[in-house]
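Undergrad: Under this note's numbering, the residues of the sequence shown are numbered 491 to 1434, in order.
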Amino acid sequence: MPEIENNIEVLGARVHNLKNIDVTIPREKLVVITGLSGSGKSSLAFDTIYAEGQRRYVETFSAYARQFLGGLERPDVDKIDGLSPVIAIEQKTTSKSPRSTVGTITEIYDFQRLLFARAGDAYSYNTGEKMVSYSDDQIKGLILENYDGKRINILAPVVRARKGHYGELFQQIAKQGFLRVRINGELKEITPGMKLDRYKTHDIEIVIDRMVVEDNPDTNKRLSDSINTAMYHGDDVLMVLDQDADDVRFFSRNLMCPTTGISYQNPEPNLFSFNSPKGACDHCNGLGTINEINLKKIIPNPKVSIKAGGLIPLGEYKSSWIFKQLEIIGEKFGFKLTDAIEKIPADAMDVILNGGKDKFAVPSKTLGITKEYKIEFEGISAFIKNQYDESGSSTIRRWAKDFMDEVPCPVCEGSRLKKEALYFRIHGKNIAELSAMDIGELTEWFQNIDKHLSEKQHIIASEIIKEIRDRLNFLMNVGLEYLSLSRSSKSLSGGEAQRIRLATQIGSQLVGVLYILDEPSIGLHQRDNEKLIRSLEQLRDIGNSVLVVEHDKDMIERADYVIDIGPKAGKYGGEIISKGTPAELLKEHTMTAMYLNGEMKIEVPKKRREGNGKFMKLSGASGNNLKNVTIELPLGQLICVTGVSGSGKSTLINETLYPILNAYYFNGVKKPQPYKKMEGLEHIDKVIDIDQSPIGRTPRSNPATYTDVFSEIRSLFTMTPESMIRGYKAGRFSFNVKGGRCETCEGSGVRTIEMNFLPDVYVECETCQGKRFNRETLEIRYKGKSISDVLNMTVDEAVPFFENLPKIYRKIKTIQDVGLGYITLGQQSTTLSGGEAQRIKLAAELSKKDTGNTFYILDEPTTGLHFEDIRVLMDVINKLVNKGNTILIIEHNMDVVKLADYVIDIGYEGGKGGGQVVAKGTPEEIIKNKKSYTAQFLKKELSN
491 MPEIENNIEV LGARVHNLKN IDVTIPREKL VVITGLSGSG KSSLAFDTIY AEGQRRYVET
551 FSAYARQFLG GLERPDVDKI DGLSPVIAIE QKTTSKSPRS TVGTITEIYD FQRLLFARAG
611 DAYSYNTGEK MVSYSDDQIK GLILENYDGK RINILAPVVR ARKGHYGELF QQIAKQGFLR
671 VRINGELKEI TPGMKLDRYK THDIEIVIDR MVVEDNPDTN KRLSDSINTA MYHGDDVLMV
731 LDQDADDVRF FSRNLMCPTT GISYQNPEPN LFSFNSPKGA CDHCNGLGTI NEINLKKIIP
791 NPKVSIKAGG LIPLGEYKSS WIFKQLEIIG EKFGFKLTDA IEKIPADAMD VILNGGKDKF
851 AVPSKTLGIT KEYKIEFEGI SAFIKNQYDE SGSSTIRRWA KDFMDEVPCP VCEGSRLKKE
911 ALYFRIHGKN IAELSAMDIG ELTEWFQNID KHLSEKQHII ASEIIKEIRD RLNFLMNVGL
971 EYLSLSRSSK SLSGGEAQRI RLATQIGSQL VGVLYILDEP SIGLHQRDNE KLIRSLEQLR
1031 DIGNSVLVVE HDKDMIERAD YVIDIGPKAG KYGGEIISKG TPAELLKEHT MTAMYLNGEM
1091 KIEVPKKRRE GNGKFMKLSG ASGNNLKNVT IELPLGQLIC VTGVSGSGKS TLINETLYPI
1151 LNAYYFNGVK KPQPYKKMEG LEHIDKVIDI DQSPIGRTPR SNPATYTDVF SEIRSLFTMT
1211 PESMIRGYKA GRFSFNVKGG RCETCEGSGV RTIEMNFLPD VYVECETCQG KRFNRETLEI
1271 RYKGKSISDV LNMTVDEAVP FFENLPKIYR KIKTIQDVGL GYITLGQQST TLSGGEAQRI
1331 KLAAELSKKD TGNTFYILDE PTTGLHFEDI RVLMDVINKL VNKGNTILII EHNMDVVKLA
1391 DYVIDIGYEG GKGGGQVVAK GTPEEIIKNK KSYTAQFLKK ELSN
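In structure tokens form, the structure reads like this:
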């Protein structure tokens, strides 16, 4: 038996394409599973080992709890022994909620809230003075000390700078036995029926007591009672009026400004939370941004008339109430609906956009009478805003959002918090300023904070600061020093999100757990790879088993044990072709081994392309951390933008260059980050951006629907003789409309079980067994295959099947060319990795006729690719460039960088230390640069 204790034994795994494999994985080691994309690595790691671990965890719940979870399917495996509790760190597990930030995921922000609530110093937002708070005994002591022998009045403030006549208030005060009040600085006796001017602002205080201060037992007792009464009526604030000097001083049990008397509630952690009503900015509800109407989206072309559809939300003229109202507005302001919008008077446009109510008369020249008109118009902008704020329908809200821009909230300036929360400081910084710092800078701030704390703060905060430091160091160790805590989690790349979860796990210091990671090195520069590998080794050394699905050369070489799955992808994979230490792997003749030991390699081109001699030039880009960057892009070449993580590559390309190009060629409305000038736009025809966002968010979306090949396949099925006899149309073969689909699962093939505290689980539909269609539809066959069989074909099987139908063949052939021959046509897009989704988008673009003058932008297309797949992908990309197109790739992978004709390296560091062009030119020119990190790694590749 001892054998099992040190190993995880998987026997007879048959999930997806696995061919009944047996595998032994050593425990408490760093194990890498590698192999071609689609060979079955994730099927073994996630769909077999993790799924079984999760199922066993759910089995431990009581029968009562399990009934809410539904049955978790047992993976198709004979037996798994030696399994520890499993934690999967995947790429697609970040929250898409706008409230989730790096700080909240890592829990560092929660510790910061606690730190500010317990050790922060409050300052007045009126005067900037430090706020003070006193106990009743301290107040008594201060009065005895400062007013000894003086005549004073003790006052309880009840109204502060508000309008009203306050008749009822004076009656109430008199009923409680008080005789005098101080109104706007003047002492008065309360008289029956007393009222003030209701249109002026007033300050009213009740006179609680009038006395001469002496230090004797009687005065002491009386002073204590008066302070208590004043605090009760004044909501924990009282005022002391020196009658002779006519000078007032405030005292409060809460935090209070000594000059103006404004007070804050005593701070609690939720005052600093933007997810709690106590702390969130009231204007943006703690989101930091608001949606504002963008007039350019409502009126993109002011030369068009209203009648011709110049107001996009209304469309072209129809006989409806709203156009009748616009005609009446035209009568009043003297314009016609056929006039160009730019010629309509400004005050008329104001009524059209923002609304108005009016009555007016127009004399009729022909009839000699006057006609009465009445305008009651809500205004197009106001209508859109109301629909967005109040509509219960997500479709209508989406429609309204198309006419709006997300802009920083003008009240909290993007900090998400109430004004009071921002006036608590530690060593001169408030909580929002700390969250906006890069993690590298923040770590340094927390390392040096001790010497700036008072002794009391030190005692309170030392434990909290230790926790924060530990967590920040874990983030530094996985190469994320360029992020800030306020960064929204939905803007993180898959690799970043995964490394944040990894840092959180290292922070939790669990032992004896099996961690499964899915390509954690995505989006990491080679320089930071070392840090990541060290973090994984640290997890292993404290007594955990770490299983990594990975293609990265360094990671494979540093592993304790490597499992290579292959030999090919899809149904030609699913076998274990080698296993052992990295040294043993190198002796094998598997494709992975041949790339590692140099038998196979991606060849460096003999000659770099010259391009077509034309350039595009972007000058003065300064968004985020860019420092006034100017770049020249030679056209007709393969351009690669590289640089360490967080150096500003995405800001420069995705947030500055692409929005400029998109606005120029397709009237895109996304606002680019600040820049000065863009030249050379006339040299290309169009721009295509292929990023890693999912191709669809539901199980209904799949490669066949995305590339539009499914419409052609449905049309083909309607042409079969049986289909024509039954009169079936293309809709019969769609799983998105009623008719041909299975109605139990509404055509998705799976039922969604909502797990309240785990991710949703998809279970195969019991009626159609995952086929998506009803029996009648499945009876229609083409070459012996039903529509469901076609969706279940891999692309490699579909290519010969459809080779005589050019329209279908061209589209699926391009999917095969980008190295995705192993996926099925109907594979749910929710199960595709970011890299696969990106290559499907690439295939969809490639299957269109290209102009030979297109500018493509690809963001890390090698994500999730084996060395061999990179070679296949780069062949496709090179073909495109050879036709005259320009391709710009943002990439860390040296196998791609060495193939580029022109490289732009951004650096020098990530975050604040980045944002400059370090080097530019051919790869051969780049490696001469001594300061570039990319150059050091590129040199090794080129010398090989």
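Built from N, CA and C at the ideal position, the CB exists for glycine as well.
Predicted model only: the values in this text are computed from it and were never measured.
Just mark N1375 as buried or exposed, buried being the case when its beta carbon has 16 or more other beta carbons within 10 Å.
TA: It counts as buried.
Undergrad: Which residue marks the beginning of the beta strand (DSSP E) containing E862, and which one marks its end?
TA: T860 to F867
Undergrad: Smallest Cα separation from E704: which of D1018, I633, I1032 and I831?
TA: I633
Undergrad: H1356: buried (16+ other C-beta within 10 angstroms of its C-beta) or exposed?
TA: buried
Undergrad: DSSP three-state label for T709, please.
TA: helix
Undergrad: Give the straight-line distance between the Cα atoms of R564 and E1169, rounded to the nearest whole angstrom.
TA: Here the C-alpha atom of R564 lies approximately 59 Å from the C-alpha atom of E1169.
Undergrad: Can you tell me whether M684 is helix, strand or coil according to DSSP?
TA: coil
Undergrad: Kindly list the residues whose CB is nearer than 6 Å to the CB of S1433, restricted to its own chain and excluding five residues on each side of it in sequence; keep chain order.
TA: Leaving aside the five residues that flank S1433 on each side, none in its chain has a CB nearer than 6 Å to its CB.
Undergrad: Rounded to the nearest angstrom, what separates I1053 and Y1252 at their Cα positions?
TA: 29 Å
Undergrad: What residue does the alpha helix (DSSP H) around Q602 start on, and which one ends it?
TA: I598 to A609
Undergrad: To the nearest angstrom, how far is the alpha carbon of G618 from that of Q947?
TA: 21 Å
Undergrad: Should R888 be labelled buried (16 or more other beta-carbon atoms within 10 Å of its own) or exposed?
TA: exposed
Undergrad: Is it right to say D848 is buried, meaning 16 or more other beta carbons lie within 10 angstroms of its own, or is it exposed?
TA: exposed
Undergrad: E1266 lies in the beta strand (DSSP E); which residues open and close that run?
TA: Here E1266 belongs to no beta strand (DSSP E); instead the alpha helix (DSSP H) covers R1265 to L1268.
Undergrad: I'd like to check one pair, M839 with M746: are the Cβ atoms closer than 7 Å?
TA: no
Undergrad: Report, in whole angstroms, the separation of the C-beta atoms of L1004 and S574, which I expect to be a contact under 8 Å.
TA: Right, their Cβ atoms sit about 5 Å apart.
Undergrad: Taking only three categories from DSSP, how would you classify Y1051?
TA: Secondary structure of Y1051 (DSSP, three-state): strand.
Undergrad: To the nearest angstrom, how far is the alpha carbon of I954 from that of Q661?
TA: 52 Å
Undergrad: At what residues does the beta strand (DSSP E) containing P898 begin and finish?
TA: M894 to P898
Undergrad: Report all residues from its chain with a CB closer than 7 Å to the CB of K1303; omit the five preceding and five following residues, and keep chain order.
TA: V1289
Undergrad: Suppose you measure from the CA of Q1318 to the CA of K956; what does that come to, to the nearest Å?
TA: Within the model, the alpha-carbon separation for Q1318 versus K956 is close to 45 Å.
Undergrad: Thinking K1021 and V1094 are a contact (beta carbons under 8 Å), I'd like their distance in whole angstroms, please.
TA: The pair is not a contact, with the Cβ atoms about 28 Å apart (cut-off 8 Å).
Undergrad: Would you kindly work out how many angstroms separate the C-alpha atoms of Y1346 and E1212, rounded to a whole number?
TA: About 44 Å.
Undergrad: Taking the beta strand (DSSP E) that F813 falls in, what are its first and last residues?
TA: No beta strand (DSSP E) holds F813; the alpha helix (DSSP H) holding it covers W811 to F823.
Undergrad: Which residue or residues does DSSP assign as beta-bridge partners of P1099?
TA: Per the sequence shown, residue 1099 should be read as Arg rather than Pro. None; R1099 has no bridge partner.
Undergrad: Please state the DSSP three-state secondary structure of P1296.
TA: Collapsing the DSSP output to three states places P1296 in a helix.
Undergrad: Does Q733 come out as helix, strand or coil in the three-state DSSP assignment?
TA: coil
Undergrad: Indicate whether I1270 and F1207 have their beta-carbon atoms separated by less than 7 Å.
TA: yes
Undergrad: Kindly give me the distance between the Cβ atoms of I515 and N496, rounded to whole angstroms, as I take these residues to be in contact under 8 Å.
TA: Rounded, the Cβ-Cβ distance is 10 Å, inconsistent with contact.
Undergrad: Please classify N507 as buried or exposed, where buried requires at least 16 other C-beta atoms within 10 Å of its C-beta.
TA: By the neighbour-count rule (16 or more Cβ atoms within 10 Å), N507 is buried.
Undergrad: Would you call the stretch 757 to 769 and the stretch 566 to 581 in contact, with 3 or more CB pairs under 8 Å?
TA: no
Undergrad: DSSP state of K1421, grouped into three classes?
TA: DSSP places K1421 in coil when its eight states are reduced to three.
Undergrad: Nearest CA to the CA of A1049: which residue from R1030, I1055, D940 and N1294?
TA: R1030
Undergrad: Measuring CA to CA, which of K1301, E1065 and R1262 is closest to A505?
TA: Here residue 505 turns out to be Val, not Ala, going by the sequence shown. Considering only alpha carbons, the answer is E1065.
Undergrad: From what residue to what residue does the beta strand (DSSP E) around A993 run?
TA: From DSSP, A993 is part of no beta strand (DSSP E) but of the alpha helix (DSSP H) over G984 to S998.
Undergrad: When the Cα atoms are used, what is the spatial distance from R915 to A922?
TA: Those two C-alpha atoms are separated by around 10 Å.
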